[in-house]
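First up is the structure itself, then whatever we jot down about it.
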Amino acid sequence: MTEENPLLALRDKISALDEKLLALLAERRGLAVEVGKAKLASHRPVRDIDRERDLLERLMTIGKRHNLDAHYITRLFQLIIEDSVLTQQTLLQQHLNKINPHSARVAFLGPKGSYSHLAARQYAARHFEQFIESGCAKFADIFNQVETGQADYAVVPIENTSSGGINDVYDLLQHTSLSIVGELTIPIDHCVLVSTSTDADKIQTVYSHPQPFQQCSQYLSRYPHWKIEYTESTSAAMEKVAQANSPAVAGPG
Numbered sequence: 014m015t016e017e018n019p020l021l022a023l024r025d026k027i028s029a030l031d032e033k034l035l036a037l038l039a040e041r042r043g044l045a046v047e048v049g050k051a052k053l054a055s056h057r058p059v060r061d062i063d064r065e066r067d068l069l070e071r072l073m074t075i076g077k078r079h080n081l082d083a084h085y086i087t088r089l090f091q092l093i094i095e096d097s098v099l100t101q102q103t104l105l106q107q108h109l110n111k112i113n114p115h116s117a118r119v120a121f122l123g124p125k126g127s128y129s130h131l132a133a134r135q136y137a138a139r140h141f142e143q144f145i146e147s148g149c150a151k152f153a154d155i156f157n158q159v160e161t162g163q164a165d166y167a168v169v170p171i172e173n174t175s176s177g178g179i180n181d182v183y184d185l186l187q188h189t190s191l192s193i194v195g196e197l198t199i200p201i202d203h204c205v206l207v208s209t210s211t212d213a214d215k216i217q218t219v220y221s222h223p224q225p226f227q228q229c230s231q232y233l234s235r236y237p238h239w240k241i242e243y244t245e246s247t248s249a250a251m252e253k254v255a256q257a258n259s260p261a262v263a264g265p266g
């Protein structure tokens, strides 16, 4: 049949190559497990961004010699690298579960008192006896903590009923090997907070995270003279308000 139809012969060769590729990928994953064990023994983080960048650059150079497009090489090996990272993260989590199955390190946005911190505490209380807190300044830092094994879970906001999805978080979810494993809904009740007695007409500057500004946009439109200053979290904004200790400074949160 293959002699009569050269297309079938070519497809047979491709199928044979595909089987070899799968076997090599399985072998590579096995090596990733050994790498994970070595990192665990030497207390090194799972993710090594510099190593990944150097690897991709080297592979693109090699691919160019074989007339393979750099974009194709990058997309292909990013998937392979993510699989390797996920494999090592699973190994690390299994090790941590054996050490203390009732404890979890949870990363969230902002210092203690932020809505993300409250959500993290609620989630941890349902699943673990001990909650080790890890407040982060940026959403990217939260993801990085879990990706590098510094935290076991990340608690991030993905949607609210007034301003919709949190675009920064959705963008990060598109480029991570992490998976959503649970959800929590909490009420958000914003107030304009000040550190000293004042009234709305005296306020000149308001600090907060972009989300409260969006969620309170209808209310804020009543005071167009207020200058809006963005912060990394609502808790960080409250710290600025407290430090200013001025009737002209406030923050929705």
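Numbering (our numbering), first residue to last: 14 to 266.
Using N, Cα and C, we set each Cβ at its ideal position, and we do this for glycine too.
Everything numeric in this text was worked out from a predicted model, so none of it was measured.
- Taking every protein chain shown into account, the CB of residue 166 has 16 or more other CB atoms within 10 angstroms, so this residue is buried.
- Within the same chain, and ignoring the five residues on either side of residue 125 in sequence, the residues whose Cβ sits closer than 8 Å to its Cβ are 146, 148, 248.
- In the DSSP annotation of this structure, the continuous segment of the beta strand (DSSP E) that includes residue 242 starts and ends at 240–243.
- Under the 8 Å Cβ criterion, the stretch 117–136 does not count as touching the stretch 62–76, having fewer than three qualifying pairs.
- Secondary structure note for residue 27: its alpha helix (DSSP H) is the uninterrupted segment 19–55.
- DSSP places residue 118 outside any alpha helix (DSSP H); the residue lies instead in the beta strand (DSSP E), whose first and last residues are 116–122.
- Residue pairing of residue 144 in beta bridges, as defined by DSSP: 117.
- Residue 132 counts as buried, since no fewer than 16 other beta carbons sit within 10 angstroms of its beta carbon.
- Look at residue 196 here: in three-state DSSP terms it is coil, with no helix or strand label.
- By alpha-carbon distance to residue 214, the top candidate from 135, 260, 78 is 260.
- Within the same chain, Cβ atoms closer than 6 Å to the Cβ of residue 179 are found at 170, 171, the five residues on either side in sequence being excluded.
- Note that the C-beta distance between residue 52 and residue 91 is not below 8 Å.
- For the set 140, 220, 186, 205, the Cα lying nearest the Cα of residue 153 is the one of 186.
- Look at the stretch 203–241 and you find these whole runs of alpha helix (DSSP H), each 4 residues long or longer: 223–228, 230–233.
- Put simply, of 93, 255, 265, 258 the residue whose alpha carbon is nearest the alpha carbon of residue 239 is 265.
- Here residue 167 carries a strand assignment [DSSP, helix/strand/coil].
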